[in-house]
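Chains as they are written, first to last, in my numbering: chain A, 265 to 690; chain B, 11 to 204.
One structure below.
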Amino acid sequence: MSDRLPGFSTLAVHAGAQPDPTTGARATPIYQTTSFVFNDADHAASLFGLQAFGNIYTRIGNPTNAVLEERVAALEGGTAALAVASGHAAQVVVLQQLLQPGDEFIAARKLYGGSINQFTHAFKSFGWNVVWADPDDIASFERAVTPRTKAIFIESIANPAGSITDIEAISTVARKAGVPLIVDNTLASPYLIRPIDHGADIVVHSLTKFLGGHGNSLGGIIVDAGTFDWSAGGKYPMLSEPRPEYHGIRLQETFGNFAFAIACRVLGLRDLGPALSPFNAFMILTGIETLPLRMQKHCDNAKAVAEFLAGHPAVASVSYAGLPSDKYNQLARKYAPKGAGAVFTFSLKGGYDAGVNLVSKLQLFSHLANVGDTRSLVIHPASTTHSQLDDAAKVKSGAGPDVVRLSVGIEDKEDLIADLEQALGA
Amino acid sequence: MNHDAYPDNYIRGILNSVKSIAMVGASPVNVRPSYFAFKYLAQRGYDMIPINPGHVGKELLGKPFVASLSDLGRPVDMIDIFRNSSHIMPVIEEALTLDPLPKVIWMQLGARDDAAAAKAESVGIKVVMNRCPKIEYGRLSSEISWMGVNSRTLSSKRAPVPTQGMRLSLNRTSVGGGDTAASDRAAKNKSEQS
């Protein structure tokens, strides 16, 4: 009952979870059920009308998923969260609450290639128009603001090159424009960066990466910072106006500083349907318990590997914000003092062919399209994740033809360096 | 009391001690926040009294509407005000004429009047502003966790299976590592601007 403040590692293990009321099970049970029995007709009506807290159907909420949601909300310092099927699903659900057809959102040009595709093509068909800005040029965000702008979207540590975004500077632009700042915190995880502390209004994650951490389960999550006033200016009718889906309820008025998370649940997840499997939620929860330990090891290994590559004669350049010579090192010291993440790129003097050759010779690094696994991973973005971009866009997003991306795992760093050495040297 | 951020023990103490709550502005319309809160608090065992002059002669979930605080005719522990900030002061002034005085005056989400709060606090009444007792009860009991809300509490104890009409324990460990300092700051900025 004291108001003593537990630390991050304690929250990573405990937040959201307590022994099961029925069985006493200490690990969070996997509630692998589609639906939940009502006490009586009035209880059912109360739940459907959002008047009572409780479970109805796993597409709207599930007790295993709820533990995951509260845990990530606690780690990020948000008021509430909503878990969904993937990071991509999180982005759809967030923007559905904010944009009407014909509206715009500003996005940093340096993003995960899949997000660039989603924003450019899929969202265009919904009438949601992305306007690109350069995270290295804050004024480009200001210039992109129009009366139809409804949100700004950035990555805290940006894919693929691990560059660090100046969240506070961009949050100032968002505040001035009267729109929420959405930060994809996937590559940092809240262990390295808590975007809400720097002005983010909404945080999204692909849980598939460092939070789950073991490369075994897809998932995504949306965290509501509870900081944005949705009623101001009538720009966000999903939050501020009576909703016909719920007989005229106004979500901001009813749910206050976690109304956005509720909107994502009852207007987004309920109607679009990308629910997270409770089994995946359990796997991701188990992963999160060791997040602080893993993340530190990931970062320490990444720094050692980056230093090795920077000194290798076959390597033209290394883009890792944890290196003192890197252009993002100052931002890394400010935003991610514990480590600059474990995803970064380097370029080879031998260009495209050398990249393909390296990937084929590596024995420990796995060639695949994911990041944030316990295992070390490698990919050649120009021929894979970013292959659908034209050459100019590849270079702009940091995925030029000579670039190789690593996601450094938690193996022994000596073994990782030896593997790179043999693949580069041969 | 610092009304920008309440310690959990302050809110916990209020919700654990009050028994009767008069709700000013209680609505019979079942999508209004006051209806939600009235129903929930009644289910959690509080003695609820709806106050709304427009509905005298009718009942809200079996409780007869009362026209005003002056018409209560019996002591209440807490007054929960569902009115906009600009309509708070007259309610406080009326509340201060009651004998005995209420122990707590609570203003709903979005409602804040610092002058009215100071007036009530000067005679020993505890004040909460811009909060919802349903949300706070759900948060401190962790019942609200079903909705993915950060309860900002931890417990390694096995909770009882919740049943209808049951009072839930609010005595969980409060945490600040996952606090909503950002949300409190935003609310403070908003109230300073208005």
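For each residue, glycine too, the CB sits at the ideal point set by N, CA and C.
Since the model is a prediction, treat every value here as computed from it, not as a measurement.
Rounded separation between residue i and residue j - CA only
i             : j             : result
residue 686/A : residue 626/A : 8 Å
residue 189/B : residue 342/A : Low confidence applies here, because residue 189/B scores a pLDDT of 47, under 50, leaving its location unreliable; read the following figure in that light. Taking the straight line joining both Cα atoms gives about 7 Å.
residue 658/A : residue 650/A : 7 Å
residue 683/A : residue 575/A : 15 Å
residue 356/A : residue 520/A : 23 Å
residue 218/A : residue 578/A : Absent from the structure is residue 218/A, since the part of chain A shown begins at 265 and ends at 690.
residue 551/A : residue 376/A : 22 Å
residue 559/A : residue 362/A : 32 Å
residue 430/A : residue 589/A : 18 Å
residue 152/B : residue 622/A : 52 Å
residue 265/A : residue 29/B  : In this prediction, residue 265/A scores a pLDDT of 44, lower than 50, which makes its location untrustworthy; the coordinate-derived value is nonetheless stated afterwards. Looking at the two C-alpha atoms, the distance is approximately 21 Å.
residue 280/A : residue 497/A : 35 Å
residue 323/A : residue 591/A : 44 Å
residue 654/A : residue 145/B : 50 Å
residue 187/B : residue 666/A : At residue 187/B the pLDDT is 42, less than 50, meaning the model places this residue with poor confidence and gives no usable figure here.
residue 102/B : residue 137/B : 11 Å
residue 675/A : residue 414/A : 43 Å
residue 478/A : residue 638/A : 5 Å
residue 271/A : residue 644/A : 38 Å
residue 598/A : residue 51/B  : 46 Å
residue 485/A : residue 297/A : 20 Å
residue 194/B : residue 619/A : 49 Å
residue 325/A : residue 156/B : 7 Å
residue 624/A : residue 313/A : 56 Å
residue 585/A : residue 546/A : 33 Å
residue 572/A : residue 587/A : 11 Å
For residue i: DSSP bridge partner residues
i             : result
residue 612/A : 579/A
residue 347/A : 485/A
residue 90/B  : 33/B, 116/B
residue 513/A : 507/A
residue 163/B : 184/B
residue 321/A : 299/A
Under the three-state DSSP convention, the category residue i falls into
i             : result
residue 19/B  : helix
residue 57/B  : strand
residue 670/A : strand
residue 417/A : strand
residue 368/A : strand
residue 397/A : strand
residue 73/B  : strand
residue 409/A : coil
residue 470/A : strand
residue 189/B : Residue placement at residue 189/B is poorly supported in this model, since its pLDDT is 47, which falls under 50; the coordinates still yield a value, given next. Reduced to three states, the DSSP call for residue 189/B is coil.
residue 328/A : helix
residue 24/B  : helix
residue 427/A : strand
residue 422/A : strand
residue 62/B  : coil
residue 683/A : helix
residue 376/A : coil
residue 11/B  : coil
residue 45/B  : helix
residue 274/A : helix
residue 502/A : helix
residue 7/B   : The structure shown does not extend to residue 7/B, since chain B spans only 11 to 204, so no value can be given for it.
residue 52/B  : helix
residue 282/A : coil
residue 355/A : helix
residue 654/A : coil
residue 340/A : helix
residue 99/B  : helix
residue 434/A : helix
Item to check | Length at least 4, wholly inside the stretch 436 to 461 of chain A: the alpha helix (DSSP H) runs in chain order | outcome: Correct list: 453 to 456.
Checklist entry - Hey, which unbroken runs of the beta strand (DSSP E) at 3 residues or more fall wholly within the stretch 118 to 159 of chain B? => result The stretch 118 to 159 of chain B contains these whole beta strand (DSSP E) runs: 136 to 138.
Next on the checklist: For the stretch 356 to 376 of chain A, list every residue whose C-beta sits within 8 Å of some C-beta in chain B, in sequence order.
Outcome noted: Among the residues of the stretch 356 to 376 of chain A, none has a Cβ less than 8 Å away from any Cβ of chain B.
Checklist entry - Which whole runs of the alpha helix (DSSP H) in the stretch 532 to 574 of chain A are 4 residues long or more, in chain order? => result For the stretch 532 to 574 of chain A, whole alpha helix (DSSP H) runs of length 4 or above, ordered along the chain, are 542 to 553, 555 to 574.
Next on the checklist: To be precise: take each residue of the stretch 150 to 165 of chain B, compare its Cβ to all Cβ atoms of chain A, and keep it if any distance is under 8 Å. Which residues remain?
Outcome noted: Taking 8 Å as the Cβ-Cβ cut-off against chain A, the residues of the stretch 150 to 165 of chain B that qualify are 152, 153, 154, 155, 156, 157, 158, 159, 160, 161, 162, 164, 165.
Item to check | Where the stretch 106 to 129 of chain B meets chain A: residues whose CB sits under 8 Å from a CB there | outcome: The residues in question are 119, 120.
Checklist entry - Which residues, in chain order, does the stretch 314 to 338 of chain A contribute to contact with chain B at a C-beta distance below 8 Å? => result Result list: 314, 315, 316, 317, 318, 319, 325, 327, 329, 330, 331, 333, 334, 337, 338.
Item to check | Completely contained beta strand (DSSP E) runs for the stretch 583 to 651 of chain A, where each covers 3 or more residues | outcome: Entirely contained in the stretch 583 to 651 of chain A, the beta strand (DSSP E) runs reaching 3 residues are, in chain order, 607 to 612, 641 to 643.
Item to check | Under 9 Å (Cβ pairs) to chain A, residues found in the stretch 17 to 41 of chain B | outcome: Taking 9 Å as the cut-off between beta carbons, the residues of the stretch 17 to 41 of chain B near chain A are 17, 18, 19, 22, 39, 40, 41, in sequence order.
Item to check | Contact set between the stretch 483 to 499 of chain A and chain B, restricted to residues whose Cβ is under 7 Å from the partner | outcome: Answer in chain order: 489, 490, 491, 493.
Item to check | Interface residues of the stretch 516 to 540 of chain A facing chain B [CB-CB below 8 Å] | outcome: Taken in chain order, the members of the stretch 516 to 540 of chain A whose beta-carbon sits within less than 8 Å of a beta-carbon on chain B are 517, 518, 519, 520, 521, 522, 525, 526, 529.
Item to check | Against chain A: residues of the stretch 49 to 69 of chain B by CB proximity under 9 Å | outcome: Going along the stretch 49 to 69 of chain B in chain order, one finds 49, 50, 53 with a Cβ nearer than 9 Å to chain A.
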